[in-house]
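Only one structure is covered here, and it is reproduced in the block below.
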Amino acid sequence: MENIYAGDWDEENDREGFRFKEIALLQRLGGELLGGTIYLLPPGQKSFPYHLHFANEELLVMLEGEVVVRAPDGEHQLGRGDTKLFPRGRQGAHQVANRSETDARYIMFSSRVSPDIVEYPDSGNIGLHSHRKDAGDEANLRFTILDGNARRDYYHGE
1 MENIYAGDWD EENDREGFRF KEIALLQRLG GELLGGTIYL LPPGQKSFPY HLHFANEELL
61 VMLEGEVVVR APDGEHQLGR GDTKLFPRGR QGAHQVANRS ETDARYIMFS SRVSPDIVEY
121 PDSGNIGLHS HRKDAGDEAN LRFTILDGNA RRDYYHGE
């Protein structure tokens, strides 16, 4: 059992413009196929760059505060109790921003399909994302960012 308001944070991102705290809730509870991360997003911050997943869908559930979600069909303001689904592929592109004066707290549920390809339309970057089990049966996150605009011949280096 975990309390989502306990403030026992697993990680803190301190990159300017993208500051947030997170609790890997479902991983703490032993989830394998379903992920759920609680985010605390301060005013003026975004959680991640605008992105989309090709293997995973995500569901945002607002717990407190307000955020603005950027999506292919425009911006959506979400408040306590609101939900937004981000399907796989380009129609699920999204970014969460806190433009309010107070902290926002939300949980992002995700199917944990691995590997996943993550595209960042604004930068042209491509992310390769996987969870791997090591000898101690600990799940390790592997994430690599590639320049999506770089091109090579199929047989380059062969």
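When the count follows the working numbering, it moves up by one through the sequence shown with no breaks and lands on 158 for the last residue.
Ideal Cβ positions, reconstructed from N, Cα and C, are used throughout, including at glycine.
- Cβ-Cβ distances below 7 Å link P121 to Y50 and A93 in the same chain, with the five nearest sequence neighbours on each side left out; the list follows chain order.
- Burial is judged here by how many other beta carbons sit within 10 angstroms of a residue's own beta carbon; H53 has at least 16 and is buried.
- The shortest CA-to-CA distance from V113 to any of L128, L85 and R70 is the one to L128.
- The shortest CA-to-CA distance from G17 to any of Q95, M108, N149 and G31 is the one to Q95.
- Counting along the chain, the unbroken beta strand (DSSP E) around Q77 starts and ends at G74 to G79.
- A residue is called buried when at least 16 other Cβ atoms come within 10 angstroms of its Cβ; L146 does not meet this threshold and is exposed.
- If you draw a straight line from the Cα of K46 to the Cα of Q27, it is about 23 Å long.
- Below 8 Å, too few C-beta pairs join the segment 82-90 and the segment 22-40 to call them touching: fewer than three.
- Leaving aside the five residues that flank E58 on each side, the residues in its chain whose CB is nearer than 7 Å to its CB run, in chain order, F86, M108, F109 and S110.
- In the structure shown, the three-state DSSP call for R88 is coil.
- Within its own chain, the residues whose Cβ lies closer than 6 Å to the Cβ of N125, once the five positions on either side in sequence are excluded, are I145 and G148, listed in chain order.
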